[in-house]
DNA sequence: TTCTCCTACGTCAACGTTGACGCAACCGGC
DNA sequence: GCCGGTTGCGTCAACGTTGACGTAGGAGAA
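Residue numbers (UniProt numbering), protein chains in the order written: chain B, 1 to 348; chain L, 1 to 348.
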């Protein structure tokens with residue numbers, strides 16, 4: 001198999017000895033710094049190659065004056081969630097351009113876990129962090145920020161001052177969806193949303209309310225279901241809605257999995273071609289369902305790119321006042337959101 | 001905003017000075033080592049707290065004898081791909097239990113990029129790596145392995161000796177799918193697969209061939225389309241198949257996106273209830289389509305857990321011969337795979 | 001010629017931490 | 001009272017690298 005488990009990695013000293021120069025000269029050659037003649041450079045390069053020398057970045061960053069680890073931390077809610085994964089990928093791409101690697105973790109929306117991961121990152125002296133803040137109190141984040149760690153919040157803004165953020169047009173786009181449904185003639189538009197501890201959920205609900213107000217519709221409390229965690233909860237909530245004496249003729253589902261659950265319930269009753277539905281956040285195969293699901297699509301790569309751009313600016317020393325970037329979501333019409341209300345409902 | 005950009009992180013020396021002890025004693029307290037009296041421990045803890053001291057793991061791992069960075073590298077093809085993302089998440093969960101963080105990167109199935117990321121990880125002295133090998137030559141991986149870096153390959157086995165791997169029952173499960181289709185009476189079963197440079201694609205094709213052989217069916221070359229990269233290629237390939245004089249009555253699609261493309265083409269022609277389809281790899285909403293898509297589901301969390309278990313064993317010093325773990329995939333019947341051939345085809 | 005400046009190296013210490021070891025004070029046993 | 005062992009600290013050097021600085025030798029100007 002293997003000559004032996006772990007042999008010692010060669011160091012600059014080994015290279016220096018072989019090339020018959022000082023370690024400082026090796027350092028100069030490795031880092032392409034001036035002060036080494038062409039002949040020496042070649043000798044050192046050859047020695048490094050033959051030993052398989054690779055610099056030790058941890059030792060280097062310990063000694064260097066800028067103290068950079070060429071590593072950033074990414075702390076999202078759940079890396080296996082497609083939204084988070086796409087975001088991570090976008091940040092990673094941008095990081096790679098800077099020769100920076102990404103330490104990634106899932107906070108599970110748990111403040112304690114987030115705090116733990118935060119100190120884990122700090123202990124490794126990452127150059128900066130891109131964080132999806134957990135629902136509750138953000139004091140761990142704030143403390144970290146106050147220590148001077150460059151930080152950018154994505155998807156949800158900070159509850160404290162002085163920190164950059166990148167979010168989507170949660171409120172405006174939600175309003176837009178409700179307005180579209182109302183324009184078709186819908187009067188009873190239901191709202192199904194995720195946990196209200198999440199900022200995005202609250203924003204989308206507010207957008208829903210604005211949409212109703214904007215079109216002169218009245219809010220019917222029995223048409224509002226919040227704090228639905230996962231598709232199953234959404235499915236039962238939808239069933240409850242459809243059992244009402246006056247069921248909704250249209251639904252706005254404010255999150256991915258909620259949309260899926262609602263679709264399932266509609267389909268079970270054969271109502272998926274009769275009740276209009278607009279969902280927040282696109283998902284794969286949304287166009288393959290019958291009918292195609294109309295959604296508000298977030299520009300996830302743009303979110304990630306923007307977050308990465310901000311964090312690297314800060315790491316680069318940018319001291320300007322905090323930016324709160326907002327990336328627009330787009331309404332993608334596929335059929336489910338264009339279903340008109342039944343004629344009986346528009347009667348005299 | 002901020003008192004000033006980046007103030008210096010407090011060090012052990014600062015804590016030692018405040019607590020009026022030596023740095024060594026601080027080290028003992030921080031690491032819960034014996035040799036410090038209760039009173040001193042309290043003094044040091046108080047000092048550390050009041051300064052907001054946090055140990056510097058890079059300095060620590062430089063000096064420690066075991067030289068551990070408490071970090072592993074994960075190198076997958078594309079972190080935004082749900083399969084990779086779920087795998088990453090499973091590895092991450094296991095890593096967290098060991099207090100280990102994950103450096104993640106996407107190799108894009110590009111050997112040069114993989115080599116680059118590999119050295120990036122090595123430079124940071126990760127304790128081990130979990131890698132999805134790129135299609136072509138694996139010499140960069142092999143070199144890394146020969147240096148003694150603990151390594152586990154996932155999804156695709158090594159082309160060299162002495163390295164652990166975790167894969168799925170690609171071949172056996174593919175055969176099983178074909179056998180099920182043949183048992184329903186299908187005679188013309190098409191194969192649609194991803195790039196043949198990928199080991200998984202080749203295995204699944206072999207399984208297809210085995211399935212044909214096992215049931216006494218003949219291979220019709222015009223029913224085989226390989227090297228389909230993405231849903232669009234799969235869609236046109238499917239269209240070509242359906243235009244044949246004797247089109248297939250069943251299809252085996254050997255990858256996620258290929259399945260989606262094939263579904264799209266079938267649906268465009270209104271044949272989705274007539275042509276049987278079994279896909280490799282599950283995907284969200286597969287059950288919501290009409291008909292539900294029958295798939296071979298990989299146990300992704302199990303793959304990830306196993307990979308993590310292996311890598312941590314190796315890091316822990318396990319010297320036993322290499323393991324090649326194989327996690328079974330399951331056939332999930334949802335409708336599309338249970339469509340019988342048209343009666344005209346089974347005639348005399 | 002002598003003075004200055006530049007190039008191409010080398011020496012030394014330090015980054016923050018811990019392993020090896022030293023040493024004083026105290027304990028118990030005889 | 002002396003001896004051996006333990007407890008509770010401290011001192012020193014080293015991990016692999018680089019910043020600050022030193023210096024020998026040659027080129028060029030005066």
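All residues carry an ideal CB built from backbone N, CA and C; glycine is no exception.
From the beta-carbon of residue 283/L, the residues of chain B found nearer than 8 Å are 284, 285. Within the segment 199-232 of chain L, no beta strand (DSSP E) run of at least 3 residues lies entirely inside it. When 9 Å is used as the limit between beta carbons, residue 55/B is near these residues of chain L: 123, in chain order. A distance below 8 Å between beta-carbons, with the five flanking residues on each side excluded, links residue 61/L to the following residues of its chain, in chain order: 67, 68, 69, 70, 125. Put simply, of 138/L, 151/L, 258/L the residue whose alpha carbon is nearest the alpha carbon of residue 317/L is 151/L. Annotated as distal: residue 327/L and residue 123/L, with beta-carbon spacing of 7 Å or more.
Under a 10 Å Cβ-count criterion, residue 279/L is classified as buried, with 16 or more other Cβ atoms of the shown protein chains found around its own Cβ. For residue 169/B, no beta strand (DSSP E) segment is defined, and its DSSP state is neither H nor E. In the structure shown, the three-state DSSP call for residue 139/L is helix. Taking a Cβ-Cβ threshold of 7 Å, the residues of chain B close to residue 106/L are 89, 92, in chain order. The residue among 297/L, 47/L, 287/L with its C-alpha nearest the C-alpha of residue 281/L is 297/L.
For the C-beta of residue 59/L, the chain B residues within less than 7 Å are, from N- to C-terminus, 62. Pairing residue 252/L with residue 208/L gives a Cβ-Cβ distance under 7 Å.
A straight-line Cα-Cα distance of about 42 Å links residue 165/L and residue 294/B. Nothing from the segment 202-216 of chain L brings a Cβ to less than 8 Å from some Cβ of chain B.
For residue 279/B, the enclosing beta strand (DSSP E) has its first and last residue at 276-280. Residue 264/B counts as buried, since no fewer than 16 other beta carbons sit within 10 angstroms of its beta carbon. Here residue 24/L is exposed: its Cβ has fewer than 16 other Cβ atoms, across all protein chains shown, within 10 Å. A distance of 7 Å or more separates the beta carbons of residue 57/L and residue 10/L. For residue 221/B, the number of other beta carbons within 10 angstroms of its own is below 16, and it is reported as exposed. Looking from the CA of residue 127/B, the closest CA among 113/B, 42/B, 115/B, 145/B belongs to 145/B. Note that the segment 82-101 of chain L touches the segment 297-310 of chain L; at least 3 beta-carbon pairs, one per stretch, sit closer than 8 Å. Under the Cβ distance rule, residue 291/B does not count among the residues neighbouring chain L, no pair being separated by less than 7 Å. DSSP places residue 94/L within a helical segment (H, G or I) once states are collapsed to three. The beta carbons of residue 213/L and residue 238/L sit about 24 Å from each other, so the pair does not count as a contact at 8 Å. For residue 106/L, the uninterrupted beta strand (DSSP E) run begins and ends at 101-106, by DSSP. Judged by DSSP in its simplified three-state form, residue 297/B adopts strand. Residue 86/L has a beta carbon lying within less than 7 Å of a beta carbon in chain B. The Cβ-Cβ distance between residue 100/L and residue 114/L does not fall below 7 Å. If you look at residue 71/B, you'll find it in the beta strand (DSSP E) that goes 71-76.
Distances from the alpha-carbon of residue 72/B to those of 274/B, 78/B, 98/B, 300/B put 98/B closest. Put simply, the CB of residue 320/L is far from chain B, with every gap to its CB atoms at 7 Å or more. The C-alpha of residue 181/B is placed about 21 Å away from the C-alpha of residue 269/B.
When 173/L, 187/L, 53/L, 16/L are compared, the shortest CA-CA separation from residue 331/L is found for 173/L.
With respect to residue 231/B, residue 260/B sits close: the two C-beta atoms are nearer than 7 Å. For residue 264/L, the C-beta contacts it makes with chain B under 8 Å involve 288, in order along the chain.
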